[in-house]
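Going down the list, the protein sequences come from chains A and B.
Start counting the first sequence at 416; every next residue gets the next number (the working numbering).
Start counting the second sequence at 277; every next residue gets the next number (the working numbering).
We put the CB at the ideal spot given by N, CA and C, even for glycine.
Written below as structure tokens is the structure these notes are about.
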Amino acid sequence: MTRNDATTEGTEPDAVETEREVVEGDSEVDEDDGEVVTLAHGAGGEATRSLVDQLVVSRFGDAANPAGRAAEPGAVGLPELDDGSAHPISGGETSIVLTTDSHVVSPPIFPGGDIGRLSVAGTVNDLAAMGVTDPIALTCSLVVEEGTPTATLEAIMESMRATCEEAGVAITTGDTKVMGSGELDGPVINTTGIGAIEPGALVTDAGLSPGDAILVSGTIGDHGIALLSEREGFDLGGGLESDVAPVNGLVAAATDAGEVTAMKDPTRGGLATTLNEMAGKAAVGVEIEERSVPIDDAIASAGELLGIDPLSVANEGKVVLGVDPDDAEAVLEAIRDHPLGENAAIVGRATEDHAGRVVLDTGFGRRYLSEPAGEALPRIC
Amino acid sequence: MATDATLQFRDPDAAREIADRIDALMADVGEPVSLMHVCGSHEQAIAKFGLRSMLPEGLAVRMGPGCPVCVTNMPEVDEAVALAEDGAIVATYGDMYRVPGTAGSLADASAAGADVEIVYSASEAVELAEENPGREVVFFATGFETTAAPTAAILAAGPPGNFSVLSAHKYVPPAMEVVAELPDTDVDGFLAAGHAATITGYGLFEAFVEEYEIPVVVGGFEPLDVLLGIERLLEHIDDGRAGLENAYPRCVSEEGNTAALETMWEVFETTSGEWRGIANIPDANLAVREEYAAYDARERFEIDPDVGAADPLTEQCICGDIMAGTADPDECELFGEECTPRNPVGACMVSSEGTCKIWLEYGGRPDL
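Written out as structure tokens, the structure reads:
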């Protein structure tokens with residue numbers, strides 16, 4: 416239970432302190448006052464956001480970044496903390512969309528996928544969640560440890576190739592670094608993706624309006640629960656597999672079928688975090704009917720055993736969409752016609768009430784669905 | 277597990293039928309009723325399934341001292357942190373990981389380089405000891421009878437020589453007595469924890485019911501179990517009788533798991549100790565008996581914990597009142613402000629079994 420599967424914030428422990436000192440106008444780094452990065456900072460949710468705000472947004476989120484304030488149509492900047500950034504070019508006719516993701520996962524080859532497939536799908540899906548379904552190219556930076564079997568890397572790279580083919584994208588530039596033995600726990604793969612889109616077709620996290628239907632493209636919790644079960648050595652008779660897959664084709668089918676108002680891929684922190692972010696950014700409420708959320712039976716059972724809610728763990732081949740209510744059925748049908756979307760469902764709607772929060776109707780009563788506070792920890796009993 | 281067997285205890289239509297009967301009982305009782313459960317898993321079930329929003333006004337269901345993590349005393353956490361900092365591998369349940377002691381949590385120790393391992397069971401901690409023969413492995417053992425019995429079984433079976441236990445195990449029945457005697461606590465009935473009762477048996481509560489004349493119903497953890505337990509308690513209250521009832525017969529018997537109990541009392545003895553925020557409770561802590569001193573971390577090591585200066589905020593923390601059933605989390609000034617799951621002041625905000633964390637996450641009594 417010690418690694419997160421898609422940690423973008425690779426920071427030195429004392430970097431937190433650097434920020435504090437800068438704010439105070441003092442260049443010295445005080446390593447001794449106790450504050451360090453913890454795993455919770457990499458688990459998605461509030462802790463991650465707070466670290467990113469403190470380290471990155473505070474420095475790069477202002478006018479220094481041309482898209483920083485998102486004043487122009489077709490621009491998405493750093494402060495929005497969307498799946499990527501968008502930059503209008505050619506007089507605003509086109510926006511270039513850029514996203515990046517570093518991938519570490521333990522174990523690197525897991526049921527249903529591997530770090531190679533994850534690193535391609537992760538970036539393709541971030542672009543897709545902004546509406547870019549035909550990416551121009553990906554980069555690949557690979558950091559490996561001395562002693563890593565070449566055969567392992569062959570398998571990972573071959574998986575990247577196959578996943579690129581599936582997504583219809585190529586890796587066109589990259590970098591390779593080798594670290595000394597013991598300096599790195601497992602391979603780290605960074606991919607950056609670039610795409611172009613008409614500004615009007617750009618979909619952000621923040622686009623929900625009251626009344627919009629909330630759709631998920633398939634079963635929820637597969638990746639997170641499958642990996643946690645694997646790490647804990649739970650043998651549940653097989654069948655627990657990550658959902659890792661590029662969803663750009665599915666997203667293209669959805670956006671062709673109707674008006675998608677908001678979209679996000681529910682990776683770290685799972686559906687719970689994604690819905691809270693979408694509700695918060697749009698200042699609307701979201702109501703979800705728990706029994707409509709598709710969850711695989713084996714995943715649900717394993718989640719109960721682990722004491723971990725499938726709604727709060729990562730998915731790597733899913734997308735959450737806000738859809739104009741008039742188009743919801745058409746979009747649902749289009750997603751279900753896609754091979755990755757057969758379990759898609761309408762799970763709720765955006766509301767004017769309880770802005771910024773997500774309410775879950777459990778079938779018994781109603782309660783909030785909050786984002787997980789830190790890394791998922793198993794319970795005592 | 278979400279098997280067919282559990283799904284029948286998660287039938288919303290059946291739940292609404294029980295809720296209707298609860299409504300009728302409350303109307304019959306005609307005055308506010310305050311029930312207490314003593315188990316974090318009950319609070320989890322109530323909050324996770326949104327059961328409070330099904331209950332009529334005037335019926336309060338509060339959590340008492342039912343979160344073993346929450347009642348673990350700060351100096352006990354300090355001891356675990358000290359052992360980790362001194363080079364032992366400290367294994368513990370996930371819930372304990374972020375609980376602050378006076379000078380930091382095991383998570384802080386881990387971030388600073390100490391070896392802290394999260395385990396699901398005592399036997400997993402023993403496996404760690406077997407895998408690390410050159411290291412001392414200390415199992416920071418928390419929990420009520422449900423986890424104390426397995427810890428005892430491990431010690432009775434003779435674990436490896438590099439394995440020891442730092443016991444913070446607690447024993448529930450004396451705590452119920454203390455809560456029942458607290459002057460400000462107003463409890464009309466106790467929903468007792470089915471998990472612990474699988475070990476102790478429900479017969480254990482007979483003396484309590486007789487002495488305090490408060491009804492006790494042992495309940496399970498699926499939504500229908502909880503609602504059924506509440507209904508049974510209201511029946512007792514409506515009839516004006518204080519009885520003992522087992523509403524979880526598929527798991528709990530009158531005498532409990534006698535073999536597990538025998539081992540538990542062979543390895544542990546009760547001792548007085550502080551339950552965090554509540555009181556020093558006689559006979560409610562479980563200490564390793566002298567016969568097993570070789571596996572008692574407190575005997576094996578000279579533990580000299582750093583004791584931090586008390587966080588001034590802890591003065592304002594009302595965890596104790598919440599666990600005594602005299603206050604709800606939203607009555608605490610720190611709740612959701614200075615005290616959050618990321619920066620918990622009191623243990624009730626740390627554990628997934630803690631009332632404050634549960635209320636913040638699920639919205640305690642939300643009008644949704």
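(request) Assign A/Asp741 to one of two classes, buried (16 or more other C-beta atoms within 10 Å of its C-beta) or exposed (fewer than that). (result) exposed
(request) Using a Cβ cut-off of 9 angstroms (strictly closer), state whether B/Glu293 contacts chain A. (result) no
(request) List the residues of chain A that B/Leu327 touches, going by C-beta distances under 8 angstroms, in chain order. (result) Phe779, Gly780
(request) Kindly say whether B/Tyr478, judged by its beta-carbon, lies nearer than 9 angstroms to any beta-carbon of chain A. (result) no
(request) Pull up the DSSP beta-bridge partners for A/Pro503, would you. (result) A/Ser510
(request) List the residues that DSSP assigns as beta-bridge partners of A/Ser534. (result) Paired residue(s): none; A/Ser534 is not in a bridge.
(request) Determine the closest residue to B/Glu567 out of B/Pro558, B/Glu542, B/Ala444, B/Asn349, with distance taken between C-alpha atoms. (result) B/Glu542
(message) Relative to the C-alpha of B/Val392, which candidate in B/Val366, B/Glu407, B/Phe415 has its C-alpha closest?
(response) B/Val366
(message) Short of 9 angstroms Cβ to Cβ, which residues in the stretch 496 to 517 of chain B face chain A?
(response) Pro499, Leu503
(message) Using the three-state DSSP reduction, which class does A/Cys555 fall into: helix, strand or coil?
(response) strand
(request) Enumerate in chain order the residues of its own chain whose CB-to-CB distance from A/Phe475 is below 7 angstroms, with the five nearest sequence positions on each side excluded. (result) Leu493
(message) Rounded to whole angstroms, what is the Cα-Cα separation between A/Arg484 and A/Leu513?
(response) Because A/Arg484 sits at a pLDDT of 48, beneath the cut-off of 50, its placement in the model cannot be relied upon, and the point is left open.
(request) Please check if any C-beta of chain C sits within less than 9 angstroms of the C-beta of A/Ala698. (result) This model lacks chain C altogether, as its protein chains are A and B.
(request) State the Cα-Cα distance for the pair B/Ala573 and B/Leu442, rounded to the nearest angstrom. (result) 5 angstroms
(message) Once DSSP output is grouped into helix, strand and coil, what is the label at B/Cys527?
(response) coil
(request) Check whether the Cβ of B/Gly370 lies closer than 9 angstroms to any Cβ atom in chain A. (result) yes
(request) Could you tell me which chain A residues have their CB closer than 7 angstroms to the CB of B/Met350, listed as they occur along the chain? (result) Correct list: empty, because the minimum Cβ distance to chain A is about 17 angstroms.
(request) Would you mind reading off the limits of the beta strand (DSSP E) that contains A/Met594? (result) 586 to 594
(message) Can you confirm whether A/Leu557, when its beta carbon is compared against all beta carbons of chain B, has any partner nearer than 9 angstroms?
(response) no
(message) Checking the sheet assignment: what are the DSSP bridge partners for B/His313?
(response) B/Met339, B/Leu467
(message) Tell me the DSSP secondary structure of B/Asp371 in three-state form.
(response) helix
(message) Under 8 angstroms: do the stretch 544 to 557 of chain A and the stretch 594 to 612 of chain A share three or more Cβ pairs, one atom per stretch?
(response) yes
(message) In the DSSP output, what is B/Ile294 paired with across the bridge?
(response) According to DSSP, B/Ile294 bridges with nothing at all.
(request) Measure the beta-carbon distance from A/Pro602 to A/Leu557 and round it to whole angstroms, keeping in mind my assumption that it falls under 8 angstroms. (result) 7 angstroms
(message) What does the Cβ neighbour count give for A/Pro787, buried or exposed, with the cut at 16 atoms within 10 Å?
(response) buried
(request) Just confirm the distance between the C-beta atoms of B/Val523 and B/Leu537, as a whole number of angstroms; I'd bet it's less than 8 angstroms. (result) For clarity, residue 523 of chain B is Ala in the given sequence; the question names Val instead. Actually they are not in contact, since the Cβ atoms of B/Ala523 and B/Leu537 sit about 21 angstroms apart, beyond 8 angstroms.
(request) Kindly indicate if chain B contains any beta-carbon less than 9 angstroms away from that of A/Asp468. (result) no
(message) Taking its Cβ as the centre, do 16 or more other Cβ atoms sit within 10 Å of B/Val455, making it buried, or is it exposed?
(response) buried
(request) Since I believe B/Leu301 is in contact with B/Ala336 (beta carbons under 8 angstroms), could you give me their beta-carbon distance rounded to a whole number of angstroms? (result) About 15 angstroms separates the two Cβ atoms, so there is no contact after all.
(message) Could you check whether the stretch 340 to 351 of chain B touches the stretch 618 to 626 of chain B, counting it as contact only if at least three pairs of C-beta atoms, one from each stretch, sit closer than 8 angstroms?
(response) yes
(request) Determine the direct distance from the alpha carbon of A/Gly506 to that of B/Glu637, and round the result to whole angstroms. (result) 46 angstroms
(request) Count the C-beta pairs between the stretch 377 to 389 of chain B and the stretch 348 to 365 of chain B that are closer than 8 angstroms, then say yes if the count reaches three, no if not. (result) yes
(request) Kindly list, in the order they appear in chain A, the residues whose Cβ is closer than 9 angstroms to that of B/Gly639. (result) Arg772, Val774, Arg781, Arg782, Tyr783, Ser785
(request) Using only alpha-carbon positions, find the residue among A/Leu643, A/Asn540, A/Asp627 that is nearest to A/Val746. (result) A/Asp627
(request) List the DSSP bridge partners of A/Ala677. (result) A/Gly737
(request) Grab the span of the beta strand (DSSP E) containing A/Asn605 for me, first residue to last. (result) 603 to 612
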